[in-house]
Structures are given as C-alpha cells and as structure tokens.
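If you count by full-length UniProt numbering, then the sequence shown holds residues 1 to 475, one letter each, in order.
So the structure is just underneath, and the comments pick up after that.
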Amino acid sequence: MESVSITVNGQRREAPDARPHTTLLNWLRGQGLTGCKEGCAEGECGACAVLVARPDGEEGTRWESVNACLVLLPALSGGEVVTAEGLGTPQHLHPVQRELAVRGGSQCGYCTPGFVTSMAAEYYRPGRLDGEHHAPNGFDIHALSGNLCRCTGYRPIQDAAHALGTPPEDDALAARRSRPAPALPALHLSGPGGDFQRPGTLEQALDVLAGHPDAKVLAGGTDWGVEVNLRHARAGLTVAVDALPELRELIWSPDAVEIGAGLNLSEIERRLAGRVPLLAEWFPQFASRLIRNSATLGGNLGTASPIGDSPPVLLALNASLRLVSAGGEREVPLAEYFTGYRQTVRRPGELIRSVKIPLPLAPVAAFHKIAKRRFDDISSVAVAFALKLDGDTVREVRIGLGGVAATPLRARATEEALTGQPWTEAIVRAAARLLRGEGTPLDDHRASAAYRAAMLEQALLKFYFARQEQQEVGA
C-alpha cells in the first residue's frame, strides 16, 4: 500500500489517513483550508472550487478550476492544487480578490472563494487577450457558469471580472505555467470501504479489470462523485484511468477524428478548435466550465444515462466506440451500443478507449437542449441534427435524441421520412409531426411526456427555420 501526497499552495502535504472515497474537499477542510465550502455536494454551486495544475502541451501548465467535492483525493495524488488561501492574504490580496472586494462582489462570502478560484483560472488562461474577445480584457464570463451566488447578485461579480488586467511579471502562478504539470504516478491504496488503484499503463489497467470486472472505472468523477457524496456509494475497487496516455490521444486522419476517452471536455474543445462544429456548439451547453474541466466522453458514455448530453450529438455524428480489454479490441457503432436503461454492450473488463467520428462531416448541424436553466443543468430533452443536402434534396440526415426513452437513440423513422425528399417547409412539418412520436417519453420532475414530445417537434422546425434564416442573411 502507498500513501497519498499532494502539493497544496506550494507545499507538499502527506495524507497518511486518506481513504479510497475521501474527497478532496473534505481533506482540504480537515487541513484547515476552509475557504472551499460544500454547498450542494454534486458540482452545481461551485462553492468548493479550487485550482488544479494540468498539462498544457508537453512543457507547460494550465491552471483549471474543478469542483473539489467531486474529486476523490487519491485520484489527485502527486498533483498540485491551489485554494483561495493560496492566492493571497488579507495584507496582500490577489488581483481577483481585490477586484471582488472593491466592487462589492461579496456579501455573505460563502460562495466567494469558489468565485475567486474560477476567476483566477480565467485570469491565468493562456491567450486570454488573443483571438475572440469576450470582454475588453478578454475575460470569458462563462468561466463562472458553474458558480452560483445567492445574495450578492452577479453584476458586481461581472464588473470585477471585466476589471482584471494581466498578471504582473512577478506573479508566481503565472510563472508556474512555463513549467510542466506534475505527472500523476501509479498508486495502490487500500483502506476501509475499498481499494483505489491508478495503474501506470493501459496494459496494467486492463489486467486489473480482467481480475476485477466489477471495479468502478474512474475518469473525471463528475458522476461517481455525486454517488459517493449523496448516496454514500462505495466501490470495492476504484480504478482511475484518466491519466493513461492511450486514453488521452486526439488523432486526425483523412477519414476520421478519434478522441481519447480520458480527455476532459475542456481539453477536447481546445484541441478541436471548432473543427467539429456540432461539438463546438454543444460544449458550452454541457454543464459548466467547472464540470467540463473534469468530465470525459468515456465517463458520459460509460454511465449510459438516457439524459447524458453527449450521446445525441455523437449519434448525429455517426460515431463509433473503440472498446478494449485484456482479450483484445473491437469497434462498436454508438447506435448499437445502448441496450437498455443504463445498459450497454460493453463487456466486463472492457474500457472505452476512444470515440471515433467519421469524416467528412455533415455541413449542416445543430444541437438543441431543453432544460430549466440555460447552463449548468440536466436536459429534459436533447436533440442533435446532422444534415447533408444535394441542392435542395436531403441526401442524408441523422437525428440523435436524449431524454425521451430508456436509452439515447436515433430518430430512424423521421430520418427515413426526410431522406430523398425536398428540404421544404411542408416536408419538414410532416417530418416534425413524425418526430413527435419517436421514443417513449415519461412524466417526471423535469418535464411531462407531452412536453417532451412537443419539444421534439419544435426542435426540427427550429432547425429548419434557423437554416432558412441563415441562407437569407447570406444571400
């Protein structure tokens, strides 16, 4: 058995009493670093946010904000964390802390440390002043989409964000970006309630899973962390795979782009750089920046949730999955992957290695998410479209649906009704009525079955009229 150690605010700290299911939040508070708070224990409020050092290329570091309540402490062993306490002191405030203070961006203060660390991550974002400017100082306010404030109001917080300059030359955290991020070492931790392993290679991970097919596979932990916190779930063995190099590749070839299952969504977004427009439209609508800094495609598909946001998009993109085990590797179309509620064709001991998207892409695509909040919320209905036209005739269309059945699914009947037909309002309206009946939506606390059916119909109409408007503007 090995021990857990983490660099916190520049100082190495040992965690000899760490257990496999101890969260980073609880451990930090036990260390006296009580700036990060527990507000929701499921990654929705941001009160627990901290900065984590992540690789930025081979030689650099990027500071990313994550929800400490969802990070298992052993999963970060060997890593580097900065809390609000590590940014500044009452005598020497960090620029983010100073701007929040002087502009009235804090009232009760419960959420403030989380805002501070999320703002600091954006403050240190490489190239903030380059390319598309979200504000005069380049600050992307969506960096705070996972941080909730219940009393101050967001205007002074936004004012503070937009008042930030660039880091001074003597800023230690800015200078830290020029050095490599720490590599997370292999780890085997045993303790009350189970074991935790971080294998050093893919081969080792597959051997472990072959011997323990019921092990919990951990990547970003944004789903499993909720189970640990709110349902007190415990796994006999947790196997962390997010640092495996084979699961962190992103490879372009003439006929496909292959995305590693262990890459977090923020990293995928940066590396794709808009070259898959449907994914570029989807990324900002997936939870929040805090969640996307940890969540992975492998995890979102591995849980097989019928309301996961990635399956409809990937179904529309005609994606397939590379599944790997100690016995070999196979490729499965995503449309054939889901077999029932939270059930898939993935065999015991198998890992999702990557997601493969065929090229060329459909030139017309869109993602529509219907939820109670615009950001940081779970879908009531999710619909993705990918359309290829020959002139004004539909050559191929794929429609991915989420939230309207026990599994994500393709709208096969609607696709068939549109294929080969002229792309006209009359045809689309008839197909929209057909789409209304796809799936088997249920009544629940998010939406009624009737509402979900209505949103399916409206989604196709919106897709049609949005394209017509774009064509008129471009004419």
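Every residue, glycine too, gets a C-beta built ideally from N, C-alpha and C.
How big is the Cα-Cα spacing for residue i and residue j?
i           : j      : result
THR34       : GLY211 : 40 Å
ARG467      : ALA417 : 19 Å
LEU189      : THR22  : 12 Å
ALA186      : PRO55  : 17 Å
LEU272      : GLN91  : 42 Å
ALA161      : ARG275 : 29 Å
SER320      : ALA243 : 22 Å
PRO363      : ASP392 : 13 Å
GLY79       : GLY308 : 29 Å
GLY262      : TRP252 : 17 Å
LEU297      : ILE352 : 9 Å
PRO245      : GLY221 : 18 Å
ASP223      : LEU409 : 21 Å
ARG289      : SER310 : 15 Å
LEU323      : GLY260 : 11 Å
SER179      : GLU59  : Ser is not the amino acid found at residue 179; the sequence shown has Arg there. Rounded to the nearest angstrom, the two C-alpha atoms are 6 Å apart.
ASP377      : ALA295 : 14 Å
ALA431      : ALA386 : 15 Å
ARG412      : ARG398 : 8 Å
residue 556 : LEU314 : In the structure as shown, the chain begins at 1 and stops at 475. Residue 556 is therefore absent and cannot be evaluated.
residue 551 : ARG270 : Not covered by the structure: residue 551. The range shown for the chain is 1 to 475.
Check for me: the beta strand (DSSP E) holding residue i runs from which residue to which?
i      : result
ILE291 : Not the beta strand (DSSP E): ILE291 falls in the alpha helix (DSSP H), residues 289-292.
GLY340 : 338-340
GLU396 : 393-402
Bridge partners for residue i per DSSP, in chain order?
i      : result
VAL364 : LEU387
ASP195 : SER190, LEU237
ASP56  : GLY60
GLY260 : SER354
GLU125 : In the sequence under discussion, the amino acid at residue 125 is Arg, which differs from the Glu named in the question. Bridge partners of ARG125: none, in fact.
ALA15  : VAL4
TRP252 : VAL257
SER65  : LEU51
GLU44  : For GLU44, which the question treats as bridged, DSSP gives no partner whatsoever.
ILE370 : VAL381
VAL276 : Answer is none; VAL276 lacks a bridge partner.
PRO333 : SER320
VAL217 : VAL239
TYR409 : Looking at the sequence provided, one finds Leu at residue 409 rather than Tyr. Partner(s): LEU401.
PRO422 : THR393
GLN343 : GLY340
Let's test the definition: count the other Cβ atoms within 10 Å of the Cβ of residue i and tell me whether it reaches 16, buried, or not, exposed.
i      : result
ALA84  : buried
ARG347 : exposed
GLU438 : buried
TRP423 : buried
ALA175 : exposed
GLU44  : buried
PHE196 : buried
GLY109 : exposed
TYR341 : exposed
GLN471 : exposed
THR419 : exposed
ALA219 : buried
GLN97  : buried
For the alpha helix (DSSP H) that contains residue i, what are its first and last residues?
i      : result
ARG270 : 265-272
VAL208 : 202-211
GLU416 : 412-418
GLU99  : 95-102
Inset, instruction - Pair every Cβ in the segment 27-42 with every Cβ in the segment 120-137, then say whether three or more of these pairs are closer than 8 Å. - result: Output reads no: the segment 120-137 does not touch the segment 27-42.
Inset, instruction - Could you say if the segment 143-150 and the segment 115-123 meet the contact criterion of at least three C-beta pairs nearer than 8 Å? - result: The segment 143-150 makes contact with the segment 115-123; the number of CB pairs closer than 8 Å reaches 3 or more.
Legend entry - Three-pair Cβ contact test at 8 Å for the segment 188-206 versus the segment 285-305: With the cut-off at 8 Å, the segment 188-206 and the segment 285-305 do not touch.
Legend entry - Validate contact between the segment 154-168 and the segment 302-311 using beta carbons, cut 8 Å, 3 pairs: Result no; under three Cβ-Cβ pairs closer than 8 Å.
Inset, instruction - Please determine if the segment 396-405 and the segment 376-384 are in contact, where contact requires at least 3 C-beta pairs separated by less than 8 Å. - result: Touching, yes.
Inset, instruction - Evaluate the contact criterion for the segment 364-377 versus the segment 331-342: three or more CB pairs, one atom per stretch, below 8 Å. - result: At 8 Å Cβ cutoff, the stretches do not touch.
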